[in-house]
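Numbering follows full-length UniProt numbering, with no gaps: position 383 of the sequence shown is 383. Glycine is no exception: its CB is placed at the ideal position from the N, C-alpha and C atoms. Working notes, beginning with the structure itself.
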Amino acid sequence: MILLSKYWFLYCQSFFENSFDIKIKKERRSNKTAERMISVSNEKQASMQFSLSEEEIQLIIRYWIRTSKIKLGWINDFNKLVVNYTTAVFILDTFCLTSKLLKTFTGHANCVYSIDHSTFAEDQLMCSGSDDRTVRVWNVETTKQIQSFNGHLSHIYCVRFSPYHYHHYHYNIICSSSYDKTIRFWDIKHNRQLQIFNGHTNAVFGIEVSPFNGGKYLCSGSDDSTIRLWDIKTSKLLHIFDRHRAGVWCVAFSPLQSNNNKSNKSNCIGGNGYTICSGSWDKTIRICDIETTKQLIVFKGHERLINSVKYGSDRLGNTILSGSNDKSVRLWDIRSNQQIQVFNVHTNGVTCVEYSPFVVNNIEVGDYSSVICSGSFDNTIRFWDIRSNKKELYVIKGDKGEDSGILDLKFFNLKKKEKRNTDYSFDINLYYSSERGLIRVWG
Numbered sequence: 001m002i003l004l005s006k007y008w009f010l011y012c013q014s015f016f017e018n019s020f021d022i023k024i025k026k027e028r029r030s031n032k033t034a035e036r037m038i039s040v041s042n043e044k045q046a047s048m049q050f051s052l053s054e055e056e057i058q059l060i061i062r063y064w065i066r067t068s069k070i071k072l073g074w075i076n077d078f079n080k081l082v083v084n085y086t087t088a089v090f091i092l093d094t095f096c097l098t099s100k101l102l103k104t105f106t107g108h109a110n111c112v113y114s115i116d117h118s119t120f121a122e123d124q125l126m127c128s129g130s131d132d133r134t135v136r137v138w139n140v141e142t143t144k145q146i147q148s149f150n151g152h153l154s155h156i157y158c159v160r161f162s163p164y165h166y167h168h169y170h171y172n173i174i175c176s177s178s179y180d181k182t183i184r185f186w187d188i189k190h191n192r193q194l195q196i197f198n199g200h201t202n203a204v205f206g207i208e209v210s211p212f213n214g215g216k217y218l219c220s221g222s223d224d225s226t227i228r229l230w231d232i233k234t235s236k237l238l239h240i241f242d243r244h245r246a247g248v249w250c251v252a253f254s255p256l257q258s259n260n261n262k263s264n265k266s267n268c269i270g271g272n273g274y275t276i277c278s279g280s281w282d283k284t285i286r287i288c289d290i291e292t293t294k295q296l297i298v299f300k301g302h303e304r305l306i307n308s309v310k311y312g313s314d315r316l317g318n319t320i321l322s323g324s325n326d327k328s329v330r331l332w333d334i335r336s337n338q339q340i341q342v343f344n345v346h347t348n349g350v351t352c353v354e355y356s357p358f359v360v361n362n363i364e365v366g367d368y369s370s371v372i373c374s375g376s377f378d379n380t381i382r383f384w385d386i387r388s389n390k391k392e393l394y395v396i397k398g399d400k401g402e403d404s405g406i407l408d409l410k411f412f413n414l415k416k417k418e419k420r421n422t423d424y425s426f427d428i429n430l431y432y433s434s435e436r437g438l439i440r441v442w443g
């Protein structure tokens with residue numbers, strides 16, 4: 001488990017000053033900044049309060065990663081200290097060294113296709129959708145089942161918590177999609193079905209809620225070869241995107257744009273520039289503009305069904321990550337409309353992909369790289385350096401008898417309240433669901 005706490009910075013400073021007498025040469029202005037951050041004043045030590053800008057954090061991380069090339073026995077502990085004090089970066093090596101199977105959620109009788117985590121309320125909840133036709137709600141800390149909904153008439157393919165209902169009504173609501181052609185909304189507190197969207201003419205697979213406008217919009221992909229855009233508030237269908245030539249398995253909204261909503265004075269959804277990405281049985285990934293409804297980009301390269309698509313964020317905001325039944329994970333550049341990486345190590349179809357919160361020291365480029373990960377029917381979760389298509393960095397193997405294949409995975413940033421004060425620390429845990437109905441936690 002990776003504990004994040006601002007007070008570790010002071011411990012880190014003391015550790016190095018007492019043990020190694022670090023002296024940073026003042027050769028460049030950036031190094032002066034690093035020296036200033038490492039040599040925290042006595043006054044700040046007394047108050048235990050300091051603030052780091054994003055630029056300063058990145059500078060310190062780059063400096064420390066360069067020093068980690070020195071072959072000394074304490075480097076692993078040093079990397080842990082770096083991770084422990086910063087809230088922006090997690091070192092993959094630390095996760096690899098310390099992570100283990102922590103918990104197992106049991107209750108589903110068949111494949112768990114989808115999981116999601118509530119980040120809105122103090123109560124930390126997880127929901128899951130299964131081939132057993134149930135949507136289940138779990139207490140993340142205790143692994144106990146809180147609620148179960150069985151209103152769908154067939155398999156459930158995707159579940160998502162609704163930020164719109166929480167922010168407007170303070171309700172924890174789950175939306176789910178099913179082979180029964182419907183999207184349903186479930187009220188956890190009152191144990192009832194709240195809304196239902198009818199419109200698709202075949203099974204509904206992937207669904208996502210918008211990161212903009214407070215989660216007011218939902219998009220859905222279906223075996224009827226369409227993507228539909230819905231207004232959650234009014235339950236109205238806003239538009240049908242019909243450019244795919246076969247069923248649509250997965251969909252995604254582009255990330256929130258900090259400068260867009262403020263300038264949006266028209267009636268367009270979210271603001272200019274938001275898009276929907278989708279993956280299909282037609283072997284293509286398509287990106288459509290939400291406001292104009294026009295198709296912008298078609299990515300071709302996968303040889304079979306595309307199971308998962310994800311937009312990058314922050315520094316990777318112009319990329320799309322995808323996983324397919326052709327056993328490959330691919331990275332696409334939106335600006336150039338080109339495939340920029342392909343990872344071909346899985347021995348069976350890739351069911352899910354994620355941009356992980358981890359970074360890794362890439363010696364070839366002299367800097368740190370972002371890490372992506374993928375889950376597969378081959379019962380493994382693999383971690384990859386986004387700048388290199390060489391062998392995977394790390395592999396988590398599911399239990400051969402009890403898991404039988406990875407169907408979905410999510411990184412949950414779990415908040416923990418410290419016992420002695422009101423401060424909070426955070427754990428990054430990896431949750432995954434399996435073909436045998438179990439949900440596992442690694443951290």
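CA nearest to the CA of residue i, picked from the options
i: residue 220; options: 209, 129 and 300; result: 209
i: residue 282; options: 293, 324 and 319; result: 324
i: residue 199; options: 288, 226 and 128; result: 226
i: residue 350; options: 107, 380, 428 and 286; result: 380
i: residue 91; options: 191, 101 and 383; result: 383
i: residue 93; options: 369, 241, 332 and 152; result: 369
i: residue 129; options: 206, 378 and 247; result: 206
i: residue 372; options: 253, 410 and 378; result: 410
Reduced DSSP secondary structure (H/G/I, E/B, other) of residue i
i: residue 166; result: helix
i: residue 315; result: helix
i: residue 111; result: coil
i: residue 93; result: helix
i: residue 375; result: strand
i: residue 293; result: coil
i: residue 221; result: strand
i: residue 351; result: strand
i: residue 213; result: helix
i: residue 98; result: helix
i: residue 307; result: strand
i: residue 410; result: strand
Rounded distance between the beta-carbons of residue j and residue i, thought under 8 Å
i: residue 197; j: residue 235; result: 6 Å
i: residue 125; j: residue 175; result: About 14 Å; that fails the 8 Å criterion.
i: residue 157; j: residue 112; result: Contact flag wrong, Cβ pair sits at about 11 Å.
i: residue 136; j: residue 118; result: Not a contact, Cβ separation roughly 13 Å.
i: residue 202; j: residue 181; result: 6 Å
i: residue 287; j: residue 297; result: 4 Å
i: residue 427; j: residue 115; result: The Cβ separation is near 17 Å, so there is no contact.
i: residue 317; j: residue 255; result: 6 Å
i: residue 414; j: residue 140; result: 7 Å
i: residue 240; j: residue 164; result: So it is not a contact: roughly 21 Å between Cβ atoms.
Pairwise C-alpha distance: residue j and residue i
i: residue 150; j: residue 399; result: 28 Å
i: residue 374; j: residue 142; result: 27 Å
i: residue 439; j: residue 433; result: 4 Å
i: residue 354; j: residue 412; result: 12 Å
i: residue 187; j: residue 328; result: 38 Å
i: residue 189; j: residue 211; result: 24 Å
i: residue 224; j: residue 278; result: 14 Å
i: residue 293; j: residue 394; result: 40 Å
i: residue 376; j: residue 321; result: 15 Å
i: residue 403; j: residue 99; result: 19 Å
i: residue 385; j: residue 392; result: 7 Å
i: residue 342; j: residue 284; result: 15 Å
i: residue 161; j: residue 183; result: 13 Å
i: residue 243; j: residue 249; result: 14 Å
i: residue 405; j: residue 435; result: 5 Å
i: residue 276; j: residue 344; result: 26 Å
i: residue 319; j: residue 251; result: 15 Å
i: residue 178; j: residue 304; result: 22 Å
i: residue 362; j: residue 326; result: 28 Å
i: residue 347; j: residue 108; result: 26 Å
i: residue 280; j: residue 337; result: 18 Å
i: residue 390; j: residue 229; result: 39 Å
i: residue 397; j: residue 101; result: 11 Å
i: residue 195; j: residue 110; result: 26 Å
i: residue 450; j: residue 331; result: The requested residue 450 is not part of the displayed model; the chain covers only 1 to 443.
i: residue 443; j: residue 104; result: 12 Å
Residue i classed as buried or exposed, judged by whether at least 16 other C-beta atoms fall within 10 angstroms
i: residue 216; result: buried
i: residue 309; result: buried
i: residue 315; result: exposed
i: residue 258; result: exposed
i: residue 312; result: buried
i: residue 429; result: buried
i: residue 106; result: exposed
i: residue 431; result: buried
i: residue 131; result: buried
i: residue 302; result: buried
i: residue 401; result: exposed
Chain B within 8 Å of residue i, Cβ atoms only
i: residue 321; result: Chain labels in this structure do not include chain B; a single protein chain is all it has.
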